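FYI, in my numbering the residues of the sequence shown are 177 to 574.
Below is one structure, written out as structure tokens; the observations come after it.
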Amino acid sequence: MTFFDELETRSADAREAAQTEALIAQVARVRAAADSCLPGDVEVAGLGDLTKLPVLRKADLAAWQADKPPFGGIPVRNAAHVFQSPGPIYEPGGVSHDWWRMGRFLHAAGIGADDVVQNCFGYHLTPAGMIFESGARAVGAMVLPAGTGQTELQVQAAAAVGTTAYAGTPDYLKVILDKADEMGVSLGITKAAVGGGALFPAMRAGYAERGITCLQCYATADLGNIAYESPAMEGMILDEGVIVEIVTPGTGDPVADGEVGEVVVTTLNPDYPLIRFATGDLSAVMPGQSPCGRTNTRIKGWMGRADQTTKIKGMFVRPEQVAALVARHEEIVKARVIASRDGAQDAMTVQVEAAGGSAELFSQSVVDVLKLKGAVEVVSPGSLPRDGLVIEDQRSYE
């Protein structure tokens with residue numbers, strides 16, 4: 177087995193030392209900007225110091241960009257493109273080698289210089305098409321910049337140019353293959369690198385039956401590649417160019433390894449320094465290392481959304497409020513808000529994990545912080561599920 181580079185198999189100590197050095201430089205780069213939002217009195221000397229810095233959320237980034245377009249005062253350099261994502265949020269794009277770090281994933285998917293990649297990610301406004309094209313260039317593959325739509329032409333082009341690999345959303349490959357069957361055209365696609373949607377086990381198995389190995393990555397327009405599958409298909413291996421934390425939703429507090437929480441990413445790309453950027457996605461760290469030989473931490477992949485904001489009795493309850501409730505009492509370890517129905521009306525129950533205290537003690541804080549009255553249940557520490565949910569909506573309107 178070959179690896180994309182030696183970084184994939186380095187020791188944990190070597191990786192931490194290199195990431196620490198890059199993080200210190202990244203923080204200094206941001207602080208040197210005229211409008212830096214990072215607190216100047218916080219020393220960042222190691223990866224553990226990240227928790228001292230604020231979490232950057234997409235809403236914050238959008239507000240900064242509205243005030244100081246297009247990138248909100250973040251010190252961007254070497255940008256060749258500007259892209260737009262829903263929000264709207266604007267992202268820079270560079271053309272230097274493997275700028276979005278997608279080559280590592282494509283290499284793991286077996287794509288290389290002998291391949292022609294049919295890139296079915298969009299090229300207009302959003303960066304996905306360029307992200308995967310940059311990765312293909314990094315592994316020496318030729319690209320057919322196909323985008324989506326015009327499926328009959330996609331089939332004709334794939335047959336004419338000898339497409340061997342597909343890049344795009346998991347489901348669109350089936351659309352192309354089904355159209356090829358309908359047209360009586362035999363395609364040579366044997367590899368697929370997918371993202372941007374759910375790769376269901378049955379879908380992957382269906383591709384395998386056709387002789388196509390399908391692997392997926394976890395990437396965003398802001399951050400580029402975050403994690404990716406290898407042929408071992410046991411979790412997703414973190415990319416070497418990012419630092420990933422799993423935190424309690426609504427806070428910047430790390431959860432224990434194995435617990436579900438929100439994915440917060442610090443990118444080490446000096447051209448676009450994002451520090452503690454909250455993805456809004458849930459995941460969890462997996463124990464051990466991948467059998468493929470890559471030594472970086474693995475996560476379980478996408479496990480839902482961290483933004484669990486829920487309207488109860490006409491009022492929005494947000495994860496940040498639940499975090500504030502926990503912080504208000506030193507006895508409280510964790511809390512979970514449950515929205516349910518009581519006849520034709522909404523009901524709210526707040527389960528509080530606490531070593532002491534009483535429902536009466538916490539009830540006023542619930543009103544003060546959540547702005548709603550609800551039943552309070554005190555449970556013993558360790559009782560609440562470690563599934564990343566701080567607001568659970570049990571209501572059914574059927």
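Even glycine gets a Cβ: it sits at the ideal position worked out from N, Cα and C.
From a predicted model like this one, the values you see are computed outputs, not experimental measurements.
Start and end residues, beta strand (DSSP E) containing residue i
i: D569; result: I567 to D569
i: L414; result: M412 to L414
i: A551; result: A551 to V555
i: I250; result: Looking at the DSSP string, I250 is not in any beta strand (DSSP E), and its letter there is neither H nor E.
i: E575; result: It is not possible to answer for residue 575, since the shown part of the chain is limited to 177 through 574.
Strand pairing of residue i, partner residues [DSSP]
i: M491; result: I488
i: A530; result: I508
i: P268; result: V258
i: R517; result: D522
i: M152; result: The chain is shown only over 177 to 574; residue 152 falls outside these bounds and no answer can be derived.
i: R481; result: D457
Whole-number beta carbon distance between residue j and residue i, since they are thought to touch under 8 Å
i: L458; j: E438; result: 6 Å
i: P495; j: I567; result: 6 Å
i: Q330; j: I365; result: Actually they do not touch by this definition, with Cβ atoms about 11 Å apart.
i: A397; j: F259; result: 6 Å
i: V493; j: A511; result: Not a contact, Cβ separation roughly 11 Å.
i: G411; j: S466; result: 7 Å
i: F297; j: Y266; result: Between Y266 and F297 the Cβ distance is about 18 Å, and since that is not below 8 Å, they are no contact.
i: K355; j: T327; result: 5 Å
i: M177; j: G469; result: 6 Å
i: Y348; j: Q294; result: Their Cβ separation, rounded to whole angstroms, is 10 Å, which puts Y348 and Q294 out of contact at 8 Å.
i: S261; j: T302; result: 6 Å
i: R233; j: A454; result: 5 Å
i: I307; j: G400; result: 6 Å
i: L375; j: Q484; result: Not quite, the Cβ-Cβ distance comes to about 24 Å (not below 8 Å), so this is no contact.
i: T345; j: G373; result: 4 Å
i: T196; j: T471; result: So it is not a contact: roughly 17 Å between Cβ atoms.
i: L501; j: V554; result: Actually they are not in contact, since the Cβ atoms of L501 and V554 sit about 13 Å apart, beyond 8 Å.
First and last residue of the uninterrupted alpha helix (DSSP H) at residue i
i: I200; result: A188 to R207
i: A535; result: A535 to L546
i: A239; result: K234 to D243
Residue i vs residue j beta-carbon contact at 8 Å
i: A333; j: L320; result: yes
i: A530; j: I508; result: yes
i: R562; j: V436; result: yes
i: R253; j: D447; result: yes
i: A482; j: P430; result: no
i: Q202; j: P449; result: yes
i: I475; j: D522; result: no
i: V545; j: R504; result: yes
i: L214; j: R207; result: yes
i: M524; j: L560; result: no
i: A378; j: A285; result: no
i: I451; j: L229; result: yes
i: I250; j: V220; result: no
i: L444; j: A193; result: no
i: G338; j: V271; result: no
i: A322; j: L282; result: no
i: G550; j: V526; result: yes
Residue i beta carbon near the ligand COA (any heavy atom closer than 7 Å)
i: L458; result: Ligands in the displayed structure: none, and consequently the ligand COA is not present.
Write down every uninterrupted run of the alpha helix (DSSP H) in the stretch 283-341 whose length is 4 residues or greater and which is fully enclosed by it, in chain order. 304-314 and 327-337
Scan the stretch 329-410 and note each continuous alpha helix (DSSP H) run of 4 residues or more that stays entirely inside, going in chain order. 346-359 and 377-385
Length-filtered (3 minimum) beta strand (DSSP E) runs lying within the stretch 427-460: 437-443 and 453-459
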